[in-house]
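Right, one structure below, let's go through it.
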Amino acid sequence: MKTNKYVENLQSKTAVELKEELVAAKKELFNLRFQNATNQLDNTSRIKEVRRNIARIQTVITEKSRLA
Numbered sequence: 177m178k179t180n181k182y183v184e185n186l187q188s189k190t191a192v193e194l195k196e197e198l199v200a201a202k203k204e205l206f207n208l209r210f211q212n213a214t215n216q217l218d219n220t221s222r223i224k225e226v227r228r229n230i231a232r233i234q235t236v237i238t239e240k241s242r243l244a
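In my numbering, the protein residues as written are 177 to 244.
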């Protein structure tokens, strides 16, 4: 249920907002990887979650570009 609402939220955004969200998610992933490499990350499952969110954002961007 949680992911469905997240995807619906993404689909309601414009292309510019999606690209901003993608950049923010990639920065977060970089920071999580850095923390993991230095053994400062407690919740390692967050990396997987962020990677999947990036894929979801990219999928919505692709769908919107095909419709336009």
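Every residue gets a Cβ at the ideal spot worked out from N, C-alpha and C, and that includes glycine.
query                                                                                                                             : result
Expressed to the nearest angstrom, what Euclidean distance is found between the alpha-carbon atoms of Arg232 and Lys178?          : 13 Å
Does the separation of the CB atoms of Ile139 and Lys202 fall below 8 Å?                                                          : Examination of residue 139 is not possible in this model, given that the chain is present from 177 through 244 alone.
Going by beta-carbon coordinates alone, are Leu217 and Leu205 separated by less than 8 Å?                                         : no
Please say whether Gln234 and Leu198 have beta carbons closer to each other than 8 Å?                                             : yes
Report back the beta-carbon spacing between Asn215 and Ile223 to the nearest angstrom; my notes put them in contact at under 8 Å. : Actually they do not touch by this definition, with Cβ atoms about 14 Å apart.
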